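**Student:** Under the numbering used here, think of the first position of the sequence shown as 931, with each following residue one higher.
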Amino acid sequence: MNITKTSATGALIAAAGAVALGFAAPAANAAVFPNNPVNVTQCSYRTATPTQECLNTPSYNVRSSSGKYVVQFRANPSHCSSMIAHIIVDGTEWGRQTLGPGQRDGSYFMQLAPGTHKIGVRATGIKGGCNTGTLIGWSGNLHFETGADADNGIG
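(1) Under 8 Å: do the stretch 1033-1043 and the stretch 989-1000 share three or more Cβ pairs, one atom per stretch?
(2) By Cβ distance below 6 Å, which residues in the same chain neighbour R1034 in space, the five residues on each side in sequence not counted?
(3) Any chance the stretch 980-987 sits against the stretch 1053-1063, with 3 or more Cβ pairs inside 8 Å?
(4) In this structure, what does DSSP give as the bridge partners for L1072?
(5) List the endpoints of the continuous beta strand (DSSP E) containing G1045.
(6) DSSP state of A948, grouped into three classes?
(7) In chain order, what residues of the same chain lie with their CB nearer than 6 Å to the CB of S1014, ignoring the 5 residues before and after it?
(8) Just how far apart, CA to CA, sit A978 and A1043?
(9) Count the other CB atoms, across all protein chains shown, that sit within 10 Å of the CB of G969; report buried if there are 16 or more and exposed otherwise.
(10) Would you call the CB atoms of N986 and K935 closer than 9 Å?
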């Protein structure tokens, strides 16, 4: 199994409305996993007062025998405001990008230790559009490529 979905704090629901417990891909030295939905319907916050910082981090366990990974996040086109997408790898922020509805973050190439790594995304809201100062929920898609497929970036 090269990729499985992990649980995150709060609601983590696949686009079809059912929780995806994981799915298998054929064992390979290189692989492309383009459709990995993330959806947070209710953000968790550091305190009882809602803020722009959503602590939920929908993640996938992704395996690469070479340690080469490319990850790209695309914000849901139906968003009504912009967000900052934070790519989180094994609990540490790898990068961040401000995205409008439907925009992609440009992708990140990562040379990590061979094996399985937990890769996810976290969101910070940006006031504007329907966002009046609190991020309630957000969604999008993570695209992963591993091994030799990662060498040329997303493609």
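Don't be surprised by glycine CBs; every beta carbon is placed ideally from N, CA and C. Source: prediction; values computed, not measured.
**Tutor:** From the atom records:
(1) yes
(2) Q1002, R1004
(3) yes
(4) N966, F1003
(5) Membership of G1045 in the beta strand (DSSP E) is indicated by the continuous run 1045-1055.
(6) Note on A948: pLDDT 26, under 50, position unreliable in the model; the coordinate value appears next. The answer is coil: DSSP assigns A948 none of H, G, I, E or B.
(7) Checking the displayed sequence, the identity of residue 1014 turns out to be Ile instead of Ser. Taken in chain order, the residues that qualify are R1026, T1028, T1054.
(8) 38 Å
(9) In the sequence under discussion, the amino acid at residue 969 is Asn, which differs from the Gly named in the question. It is buried - the Cβ of N969 has at least 16 other Cβ atoms within 10 Å.
(10) no
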